[in-house]
Each structure stands twice: as structure tokens, then as C-alpha cells.
């Protein structure tokens, strides 16, 4: 019996020593990530904000078409910052389908500025855009890029993977490390999850979904040059049924959107404040050129438009139907009242550069307005279709 116990005691000691030796022999490694996987972690990391309470995903919620659906005193018109009392002065655009916007440039043939990120194109591309919010005082509010990099270096999974993906020299300077961070986030935003092209409209093009009569009427109106000019701005090639259509030409236009009094109050701006849009783009330096671009904003994608209210650069309209009526008011003398305010349509925020050529069309009746809304609802990604139905049911209850 003693020999038996002695044997197992000896065996136990050998196993223990073996485990200890193995533990010390195994290097302390971290998970190896691809650039897009690294970007995903950075995109959701709240530690990259000053108060460690806000990430890219806070204002670009993947459960809400990469827009900001938080319930704050801003009522969705602008995003609340990390300090929980600062707000942006524009409505947060979706990050979905953003990868298709070309690099910001001037097209001499069209005589138009095209592309870029943000509503004024001030970031040339996705990577440049990704570097803005962390150091914006009304967003993630970090003091500077170096402080962001210090937060990143504090985590082994970042520290190791930055070296694996960008080389040992990535930590040589704040600039090289910050560029790597921006590149990783941009790589994540270029993945298919941001642009699945699986809406009812996409499925219709593939013969997998049959449009309702109202949706089909809306499609016909949308793509018709004889009736409306929707596709003048909200299509890539001004033609119907283009595969992987993003429903924007990425140009900049002034369509006469009025000021939003709520935005002015929220940010304690002067009552006569005017957002001059593209004129604020830092690459446009000539004063005469700045004046010519005042009040112009980038044409947004219509993908997921039905679930990303409020609308326009300043969130002035709460309902998609109001947006359609806003366009119609330029062509329909009977359409004088904004249904959301019960008052006459307000004057444009900036009048001098109003593009009436793009706004002239035939007037709409109620059925055509409903049809256009119904068609735009078909541009909702499949994963958000239950959300759209929920939102429509809630709207019905409010009536």
C-alpha cells in the first residue's frame, strides 16, 4: 500500500514540475489579427476617448445602420461628445457604404467637387476621416494624437499586432503609429459588413423579390427624367437598375435646406448662424471660390435612408416623407406648409448658390409621395428590415 501511494505521489510531483516548466517555456503571445480585424477592435474601443466612454461605434452604431441613435437632448440631430455636454454642429452621416466615396477632388469636366468624407469632404478618404474624431474636442476629446497612441500602446494586443502588420518602426513616432491606426480602421470600414447590398431592391435586381405596386411606382418615378430628377444626384451613372448602386453621385449641391433652430440652440450659436458647408473645406483656399461653394453639402447615400432620421446636414427634418415634400415645394404651388412645423417652408440657410436646375421637376400628388417613400424603404439592408418595420409600427401608434 505504501509503495502504491509513493508511486502516485512521485507521479503527481512529476506532472506538477512538467506543467510549471511548460508554463515558463510558452511565450506570452497575443492573437494575430488582420488589418481589418485590428480596425474592428479599434472601432469599438471606448478607451480611445478621453473619458473612456465613447468609440467610433457610439456615433456609428452597427445596429442602426452606422448612425447615432442615442437618446439625448439633441433628439438625434447631432452627436453628443465624450464629455457628455458637447455636441457636433451637423447630423452624423452613416459609415455604411462610405468606402465607395472617391477621394476628394475637383472634376474639371463637371466643374464640380466630388467625393471625400464628412459632409464637406474635408477628409480626403476613409483613413483620413478615421483620424478626426479621437482628437475632436466635441467628439472623443483626446488631447492630441500622442495621447491616443499611448492608450493604444497600453494594450498588448494592439502593441504586438501593430508591429506584425506595420513593422517595428511603427512605434518610431506618433505620426507613423497614428497613420497605422487610421489605416486599420479604414480597412475595417472597407469590409462587406458595411456594404452588403442585400436590400429588397438588390434582391429585386437579382430576381429574388417582387416589388409591390407602390414600391414599383416609386422606382419608376425615381429613375424617370420625365417626371423627377432624383437620379440626377442620387445615382452613379444616371441610369436604372445598376448593380451595387450607392444612390449618390458624391457631388456637392445647395438644395435650399433651412437652418435648424434646434441645432442653433443646442450649440449656443448666433441666431443668424449659417453653415456654409463645402466652403469650410480646408483645401479650398481662394476666397472667391469659397463664396461659390457656400451652402453646398455632399449628396448622401440613400442606402438605409428610411431608418436614419433625422435628415439633411443639420437634422432639420424628422420624417422621410417631409424630405420628399420639401423637394416638391419647389414645383408645387399648393405645397406651402411644412407638415412638421405647421408653418410655411423656411427660407434657405444659404440662398446665393441654390441649384434650381437640379430642383425643377413635375409636382407630386400624395400617392406619388408615398410611392417614393416606399421605394426608398426598399433600400434598407436586410438585417435592418425588422428595425424598419418596428419604426413604422411605432409611427402608426403616434398618429
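Residue numbers (mature numbering (1 follows the signal peptide of the UniProt record, and there is no 0)): -25 to -1, 1 to 374.
Quick reminder that beta carbons are idealized off the backbone N, C-alpha and C, glycines included.
Go through its chain and collect everything with a Cβ distance to residue 193's Cβ below 6 Å, but skip five positions before and after it.
The residue given as residue 193 occupies position 218 in the chain shown. Excluding five sequence positions before and after residue 193, the CB atoms of its chain that fall closer than 6 Å to its own CB belong to 346, 347, 349, 350, given in chain order.
Looking only at DSSP bridge pairs, what is residue 42 linked to?
In the chain shown, counting from the first residue as 1, residue 42 sits at position 67. Note: residue 42 sits in a beta bridge opposite 36.
Which residue marks the beginning of the alpha helix (DSSP H) containing residue 381, and which one marks its end?
Outside the modelled stretch of the chain, which goes from -25 to 374, sits residue 381, for which no answer is possible.
What alpha helix (DSSP H) runs, 4 residues minimum, are completely inside the segment 236 to 296?
Qualifying alpha helix (DSSP H) stretches, in chain order: 236 to 241, 262 to 267.
If you follow the alpha helix (DSSP H) that residue 141 is part of, which residue opens it and which one closes it?
Locating residue 141 in the chain shown gives position 166, where the first residue counts as 1. Boundaries of the alpha helix (DSSP H) around residue 141: 131 to 141.
Would you list the one or two residues that DSSP bridges to residue 92?
Within the chain shown, the letter at position 117 stands for residue 92. Bridge partners of residue 92: 98.
The alpha helix (DSSP H) enclosing residue 162, as first and last residue numbers:
In the chain shown, residue 162 corresponds to position 187, counting from 1. Following the DSSP letters along the chain, one finds residue 162 inside the alpha helix (DSSP H) bounded by residues 149 to 164.
Between which two residues does the beta strand (DSSP E) harbouring residue 222 extend?
Taking the first residue of the chain shown as 1, we reach residue 222 at position 247. Element bounds for residue 222: n/a, residue is neither H nor E.
Considering residue 81, what are the terminal residues of the beta strand (DSSP E) in which it resides?
Translated into positions along the chain shown, residue 81 becomes position 106. For residue 81, the uninterrupted beta strand (DSSP E) run begins and ends at 80 to 82, by DSSP.
Please list the terminal residues of the continuous alpha helix (DSSP H) segment that includes residue 359.
In the chain shown, residue 359 corresponds to position 384, counting from 1. Segment: none, residue 359 is in no alpha helix (DSSP H) and carries neither H nor E.
What are the start and end residues of the alpha helix (DSSP H) that includes residue 341?
Counted from its first residue, the chain shown places residue 341 at position 366. Looking at the DSSP string, the run of the alpha helix (DSSP H) that includes residue 341 is 341 to 352.
What's the C-alpha gap between residue 181 and residue 303?
As a first step, residue 181 must be located in the chain shown, where it is residue number 206. As a first step, residue 303 must be located in the chain shown, where it is residue number 328. When rounded, the distance between both Cα atoms is 32 Å.
Burial state of residue 43, where buried means 16 or more other Cβ atoms lie within 10 Å
The residue given as residue 43 occupies position 68 in the chain shown. In this structure residue 43 is buried. Its beta-carbon is surrounded by 16 or more other beta-carbon atoms within 10 angstroms.
For residue 52, name the three-state secondary structure that DSSP assigns.
Position 77 of the chain shown, counting from 1, holds the residue named residue 52. Coil.
Residue 270: CB within 6 Å of a non-hydrogen atom of the ligand ATP:
No copy of the ligand ATP appears in this structure; indeed no ligand is present at all.
Could you check the C-alpha separation between residue 217 and residue 175 for me, to the nearest Å?
For this step, residue 217 is matched to residue 242 along the chain shown. For this step, residue 175 is matched to residue 200 along the chain shown. Distance between the alpha carbons of residue 217 and residue 175 is about 14 Å.
According to DSSP, residues forming a beta bridge with residue 313
For the purposes of this step, residue 313 is taken as residue 338 along the chain shown, with counting starting at 1. Its beta-bridge partners are 318.
Strictly by DSSP, which residues pair up with residue 227?
On the chain shown, position 252 is the one that residue 227 refers to. Answer is 273, bridged to residue 227.
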